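First residue of the sequence shown: 0, per numbering that gives the first Met the number 0; consecutive thereafter. Backbone N, C-alpha and C define an ideal beta-carbon position, used for all residues, glycine too. From a predicted model like this one, the values you see are computed outputs, not experimental measurements.
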Amino acid sequence: MTTAKYDFSVYEKRILYRIVEMAQGELQGVRFATDCKKIEHTLFDTVHITMPIASLLNGESDENYTRVKQALLSLQKKIFTYEDEKEWISISIIALPKIKKRSSVVSFQIDSHIWDCCLDFSKGFRKYELATAMKFKSVYSMRFYELLSGQKTKLIYPLEQLKEMFKVQDKYAKTNDFVRKVIEPAKNELDELSPYTFEWSANKEGKKIVSFNFYPISSQSIVMQSYTKKSYKSKPGFHGI
Numbered sequence: 000m001t002t003a004k005y006d007f008s009v010y011e012k013r014i015l016y017r018i019v020e021m022a023q024g025e026l027q028g029v030r031f032a033t034d035c036k037k038i039e040h041t042l043f044d045t046v047h048i049t050m051p052i053a054s055l056l057n058g059e060s061d062e063n064y065t066r067v068k069q070a071l072l073s074l075q076k077k078i079f080t081y082e083d084e085k086e087w088i089s090i091s092i093i094a095l096p097k098i099k100k101r102s103s104v105v106s107f108q109i110d111s112h113i114w115d116c117c118l119d120f121s122k123g124f125r126k127y128e129l130a131t132a133m134k135f136k137s138v139y140s141m142r143f144y145e146l147l148s149g150q151k152t153k154l155i156y157p158l159e160q161l162k163e164m165f166k167v168q169d170k171y172a173k174t175n176d177f178v179r180k181v182i183e184p185a186k187n188e189l190d191e192l193s194p195y196t197f198e199w200s201a202n203k204e205g206k207k208i209v210s211f212n213f214y215p216i217s218s219q220s221i222v223m224q225s226y227t228k229k230s231y232k233s234k235p236g237f238h239g240i
C-alpha cells in the first residue's frame, strides 16, 4: 500500500493512518474507552471500524467533513488483488462507509486480508510517528515519510517509478520541476515536522537524470550534526566525537 501507484489524497491517507493506529492498539491489547472508537470482528471475515470524524481533521479549524466523505468514497473504489496457491480475490480497501446524520463518528468495514496487512504494518511504527504523519499537509510528504521511516541505508528509485508512485506521470516534463514541486517541498515539511527526513542526489546518464538516491536521516543524527558543528565553532581545538 505504501508503494502502490494510487493517487491517495491527504484525507485518504489520514483514514489509513487511523486504521493502522487502531490496529496497533488491538495488538497492544488496548480497550477503547468509548463507542467513538471501536473494532468489531464479524462472523463474515470482516472487521467493522468506528472512529471519530474529528480524528481525521487537522485541528479544530479544519471542519471539512465534505472531504472526509469524498475520501471514504474514493477508498471504497480503490481495490487490491490478492492471490496465493488456493485463491484469487479482489478487495476494496474499505466497504460500506457510513456517517449517521448529526453524528460525530464514521464507520466502515475492512476485509480481513486488508486488516491483517494493517496489523503487520503497524508493528513497524511507534505512536508518535503516526501522530507526526497526521500533521502533514502534503501527500508527497506522507509518501516519503512512509518510504523512509525506520530506514538506515540508501534508497534508489528510478525517476519514472517515482513519478508513477506520486501520480505525476503527466506533469513536470522537466525533471527540475519535479524536484522543485515534489521532492523539495516534501523534504522541507519532513525537516520541520518529522523524526525522519532525507538528503538526496541524482544519478545521470549523460546529462539526463535517470534516478535518485535518498539518504534517510533520523532526528537523532540531525541533533548530533548540529551539536558537532556548534562544538567546532565554540572550541577551535576540538576535533569531533
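Within the DSSP secondary-structure output, F213 pairs in a beta bridge with L154, W199. When C-beta atoms of the region 104–112 are compared with those of the region 39–54, three or more pairs fall below 8 Å, so the two segments count as touching. The alpha helix (DSSP H) runs lying completely inside the region 15–94 and spanning 4 residues or more are 64–76, given in chain order.
In the DSSP secondary-structure assignment, K97 is bridged to S106. For F7, the closest C-alpha among the options E84, G28, R66 is that of R66. With fewer than 16 other Cβ atoms inside 10 Å of its own Cβ, S103 counts as exposed. Judged by pairs of C-beta atoms under 8 Å, the region 198–212 touches the region 155–165, as three or more such pairs exist. Each residue's CA atom was taken as its position, placing S217 and E191 some 12 Å apart. Look at K12 here: in three-state DSSP terms it is helix. A check of alpha carbon separations from C116 across M21, P215, V9 identifies M21 as the nearest.
Taking a cut-off of 8 Å for Cβ pairs, the region 130–140 and the region 176–195 touch, as three or more such pairs fall below it.
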